[in-house]
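S.K.: Okay, here's the structure, questions in a sec.
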Amino acid sequence: MKKVLILFVIIAMIVSIFSGCDPFGGGYVEFNAATWTRTKDNMFFIKESDRDLRLAGGTEPRTDTVFVPPVRFGASSYTLQQSTDGGENWTDLTTTTTDTQDSFSTSITQTGLLRLKITGGQYDGQYSNTADLFLVSALDTQFAGTPKYTITNSFGEFTTGISVGSVPIGTVIDKQFTYQWYHLDPDDFENFTAIDGATSSTYSATSADNGYILVCRAVGDQVSTGGFIHLSLNLTSIYW
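If you read the sequence shown in the working numbering, its first letter stands for residue 872, the second for the next number, and so on.
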């Protein structure tokens, strides 16, 4: 009887491996933000880029970025910079007004690289990780509220929750995005690695995702919906 039971367990494990399931049932171990070491290399992140519909007299592209506040590193301020030539030259866009500020919502009309120049503290005169603003929305599209993952079961299946307003304001757009899920290196936010085949709004995480921050990039079709947004369960609890 004991031999039969062992044989059954082995067969079940083999079947589950070849079927893509996690034989141990635990699957994805959520990234532990509580023990995360923050440095200048993992402090800056593009949350979304859309076209604000609330501005009086019209709309304009808006890029929302989030970051660890300057006070965390003993700094007095950050200056948001952009390069449109691949990092050769940088232009100052805006500067934090307090040492506790943790985000910018900036009108940026060109694609390019973004980073923060740090003033004061342990990283004085140095720069954050570089983020790629690869798309600026030409369409009137505004991401509403605070989109985030919803966990649909205990085995690590994630579903994006995106709410989008368009013209007229309040119109909800659905299924006009392309999706790509990424592994983000928690120690260096310049390292995004696309997960093969993970191109739907739902992703079932596995043990292969351990040690990474999971990020979903939803990009508008640029016909009905413009811009893009990054969604991350891990970063939601840290940044916004």
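From the three backbone atoms N, C-alpha and C, an ideal C-beta is built for every residue, glycine too. These figures come from a predicted structure and were not determined experimentally.
Have a look at the DSSP bridge pairing and note the partners of Leu1010.
M.R.: Numbered from 1 along the sequence shown, position 139 holds the residue referred to as residue 1010. BP columns for Leu1010 are empty, so no partner.
S.K.: Is Glu959 close to chain D, meaning its C-beta is less than 8 Å from at least one C-beta of that chain?
M.R.: Of the protein chains in the structure, only one exists, and it is not chain D.
S.K.: Just to confirm before moving on: does the CB-CB distance between Asp1003 and Arg922 stay below 8 Å?
M.R.: Here the question's residue 1003 lines up with position 132 in the sequence shown. Here the question's residue 922 lines up with position 51 in the sequence shown. Result no, Cβ atoms of Asp1003 and Arg922 do not sit closer than 8 Å.
S.K.: Which residues in the same chain as Asp1058 place their Cβ atom closer than 8 Å to its Cβ, once the five residues preceding and following it in sequence are excluded?
M.R.: In the sequence shown, residue 1058 corresponds to position 187, counting from 1. Within the same chain, Asp1058 has close Cβ partners Thr908, Thr910, Asp912, Asn913.
S.K.: Can you check which of these residues, Val1094, Thr950, Val939, Phe1005, is closest to Gly996 by C-alpha distance?
M.R.: Here the question's residue 996 lines up with position 125 in the sequence shown. When only C-alpha atoms are compared, the closest one is Thr950.
S.K.: Tyr994 to Arg943, Cα distance in whole Å?
M.R.: The residue given as residue 994 occupies position 123 in the sequence shown. The residue given as residue 943 occupies position 72 in the sequence shown. So the alpha carbons of these two residues sit roughly 11 Å apart.
S.K.: Going by beta carbon distance, what residues of the same chain come within less than 6 Å of Asn1000, once the five residues before and after it are set aside?
M.R.: For this step, residue 1000 is matched to residue 129 along the sequence shown. Closer than 6 Å at Cβ, skipping near neighbours: Asp912, Phe915, Phe1060, Glu1061.
S.K.: Cα-Cα, which of Pro941, Asn1081, Ile1084, Phe1099 is closest to Thr968?
M.R.: Sequence index remark: in the sequence shown, residue 968 carries index 97 (1-based). Taking only the C-alpha atoms, the option nearest Thr968 is Pro941.
S.K.: State the DSSP-derived secondary structure class of Met914, mapped to helix, strand or coil.
M.R.: For this step, residue 914 is matched to residue 43 along the sequence shown. Coil at Met914, not helix or strand.
S.K.: Would DSSP call Ala905 helix, strand or coil?
M.R.: Position 34 of the sequence shown holds residue 905. The answer is helix: DSSP assigns Ala905 an H, G or I state.
S.K.: Anyone know if the C-beta pair for Leu1055 and Phe1048 falls short of 8 Å?
M.R.: Within the sequence shown, numbered from 1, the residue matching residue 1055 stands at position 184. Within the sequence shown, numbered from 1, the residue matching residue 1048 stands at position 177. The answer is no: Cβ separation not under 8 Å.
S.K.: Have a look at the DSSP bridge pairing and note the partners of Tyr931.
M.R.: Reading the sequence shown from its first residue, position 60 is the one you call residue 931. In the sequence as presented, Tyr is not what sits at residue 931; that position holds Glu. Asp923, per the DSSP bridge assignment.
S.K.: When DSSP labels each residue in this structure, what does Phe1005 get in the three-state scheme?
M.R.: Residue mapping note: residue 1005 aligns to position 134 of the sequence shown, counting from 1. Of the three classes helix, strand and coil, the one that applies to Phe1005 here is coil, per DSSP.
S.K.: Would you list the one or two residues that DSSP bridges to Gln1051?
M.R.: Locating residue 1051 in the sequence shown gives position 180, counting from the first residue. Arg1088, per the DSSP bridge assignment.
S.K.: Report all residues from its chain with a CB closer than 7 Å to the CB of Ala1009; omit the five preceding and five following residues, and keep chain order.
M.R.: Counted from its first residue, the sequence shown places residue 1009 at position 138. The residues are Gly1097.
S.K.: Between Ile979, Asp1080, Asp1067, Ala905, which lies nearest to Ser954 when the distance is taken from Cα to Cα?
M.R.: Position 83 of the sequence shown, counting from 1, holds the residue named residue 954. It is Ile979 whose Cα lies nearest to the Cα of Ser954.
S.K.: Only counting the same chain, and skipping five residues up and downstream in sequence, which positions put a Cβ closer than 6 Å to that of Thr1052?
M.R.: If you number the sequence shown from 1, residue 1052 lands on position 181. In the sequence as displayed, the identity of residue 1052 is Trp instead of Thr. Ile1066, Ala1069, Tyr1074, Cys1087.
S.K.: Count the other CB atoms within 10 Å of the CB of Phe1014; is the residue buried (16 or more) or exposed (fewer)?
M.R.: Residue mapping note: residue 1014 aligns to position 143 of the sequence shown, counting from 1. Answer is buried; the Cβ neighbour count reaches 16.
S.K.: Can Ser947 and Gly983 be called in contact, C-beta distance under 8 Å?
M.R.: Locating residue 947 in the sequence shown gives position 76, where the first residue counts as 1. Locating residue 983 in the sequence shown gives position 112, where the first residue counts as 1. Not a contact, by the Cβ cut-off of 8 Å.
S.K.: Ser954 bridges to which residues according to DSSP?
M.R.: The residue you call residue 954 lines up with position 83 of the sequence shown. Ser954 pairs with Leu984.
S.K.: In the DSSP output, what is Thr936 paired with across the bridge?
M.R.: Along the sequence shown, read from residue 1 onward, the residue named residue 936 stands at position 65. Answer is Ile917, Phe975.
S.K.: Check the DSSP bridge columns for Leu1102 and list the partner residues they point to.
M.R.: Locating residue 1102 in the sequence shown gives position 231, counting from the first residue. In the DSSP output, where bridge partners are listed per residue, Leu1102 has Cys1087.
S.K.: Of the residues Ala1076, Thr936, Arg986, which one's Cα is nearest the Cα of Gln972?
M.R.: Against the sequence shown, residue 972 aligns to sequence position 101. The shortest Cα separation from Gln972 among Ala1076, Thr936, Arg986 belongs to Thr936.
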